[in-house]
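Okay, structure first, notes after.
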Amino acid sequence: MPLTFTAELFHWRGPAPHYFLRVPDELVPDLKDAARFVTYGWGMIPCEAVVGETRFRTSIFPKEGGYLLPVKVAVRRAEALEEGQAVTVTVTPG
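Numbering (my numbering), first residue to last: 36 to 129.
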């Protein structure tokens with residue numbers, strides 16, 4: 036069940052700083068359904084993601100009633116992504 040969405044890339048300056056895309060609220064129910072079958076704990080959902088020409092494995096995780104998709108450094112570099120940029124991604128849970 037691939038899901039495609041566009042979200043703004045943001046930098047989280049927590050204890051482990053990283054860049055993320057927030058999954059739009061309208062897709063949260065679909066991810067919650069998928070999580071029942073593929074989560075490996077704490078609501079984490081393993082997935083394959085595609086941004087531009089770059090394909091990568093990661094895990095979507097729950098945060099404040101929604102989900103966040105981490106965007107790896109290698110992906111940001113390969114696709115020349117900048118903080119605040121609108122990024123289109125396709126994720127396939129599993």
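All residues carry an ideal CB built from backbone N, CA and C; glycine is no exception.
Reference residue i, options the options, closest by Cα
i	options	result
Gly129	Pro59, Leu66, Thr89, Glu43	Leu66
Thr93	Pro105, Gly101, Glu114	Pro105
Pro59	Gly49, Val73, Glu118, Thr39	Thr39
Met36	Asp68, Arg57, Leu56, His53	Asp68
Val86	Val124, Phe96, Gly101	Val124
Tyr102	His46, Leu44, Arg57	Arg57
Pairwise C-alpha distance: residue j and residue i
i	j	result
Ala70	Val63	10 Å
Arg111	Gly76	27 Å
Val73	Phe91	17 Å
Glu99	Leu116	25 Å
Val108	His53	9 Å
Glu61	Phe55	18 Å
Ala84	Val126	4 Å
Host beta strand (DSSP E) of residue i (start-end)
i	result
Lys98	89 to 98
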